[in-house]
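Asks: After the structure tokens below, expect a handful of questions from me.
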Amino acid sequence: MLTWLAAVNGGDVNDVLNLYGHNATLTPTFSPDLVGDREGLNSYFIKLASRPNFHVALHEETFKELQMSARFSVATGLYSFTFDVDGAPKTSEARFTFIINLSSSNPIVYHHSSMLPSPPV
Numbered sequence: 003m004l005t006w007l008a009a010v011n012g013g014d015v016n017d018v019l020n021l022y023g024h025n026a027t028l029t030p031t032f033s034p035d036l037v038g039d040r041e042g043l044n045s046y047f048i049k050l051a052s053r054p055n056f057h058v059a060l061h062e063e064t065f066k067e068l069q070m071s072a073r074f075s076v077a078t079g080l081y082s083f084t085f086d087v088d089g090a091p092k093t094s095e096a097r098f099t100f101i102i103n104l105s106s107s108n109p110i111v112y113h114h115s116s117m118l119p120s121p122p123v
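With the sequence shown counted from 1, adding 2 to any position gets you this note's numbering.
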């Protein structure tokens, strides 16, 4: 997770893409479309990285990683995306789940990220 955060916050899309397996699937935070190929991942992360003053912060107290087998783990928790909109910072809270192949140099197999829903009224 820390490697992903550093890559995303570093703004180098190739560093981010290298973390995703060649058949990885992303359910992105800021798009209604499921992404399942390198071109889609590249396009999504280029757009994300282009937002002014873009930054992702992990809510460390929510982070959990469960080792499912010798090869796979699941990481889940909450993070905040912050970037400028019309010159003012906007923060969006989101939840995430990663499925990670521990034996791969491109470890992310699946990544789901979605905005936190508003509490019920």
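Backbone N, C-alpha and C define an ideal beta-carbon position, used for all residues, glycine too. Keep in mind that this is a model prediction, so the values were computed, not measured.
Using the DSSP secondary-structure output, state which residues sit across from Ile101 in a beta bridge.
Replies: Looking at the DSSP assignment, Ile101 forms a beta bridge with Val76 and Tyr112.
Asks: Do Val15 and Asn55 count as a contact pair if the criterion is CB distance below 8 Å?
Replies: It is not a contact, given that the beta carbons lie outside the stated cut-off.
Asks: Alpha carbon to alpha carbon, what distance is there between Leu60 and Ala26?
Replies: Looking at the two C-alpha atoms, the distance is approximately 22 Å.
Asks: Helix, strand or coil, according to DSSP, for Asp86 in the structure here?
Replies: In this structure, Asp86 counts as strand in the three-state DSSP scheme.
Asks: Hey, Met117 and Phe65: beta-carbon distance below 8 Å or not?
Replies: Contact: no.
Asks: Is Leu21 buried or exposed, if buried means 16 or more other CB atoms sit within 10 Å of its CB?
Replies: Counting Cβ neighbours within 10 Å, Leu21 comes out buried, since at least 16 surround it.
Asks: With DSSP as the reference, label Ser94 as helix, strand or coil.
Replies: Strand.
Asks: Spatial neighbours of Pro91 within its chain, please: CB distance less than 7 Å, with the 5 preceding and 5 following residues excluded, ordered by chain position.
Replies: Counting only Cβ-Cβ distances below 7 Å, and skipping sequence neighbours, we find Asn55 and Thr84.
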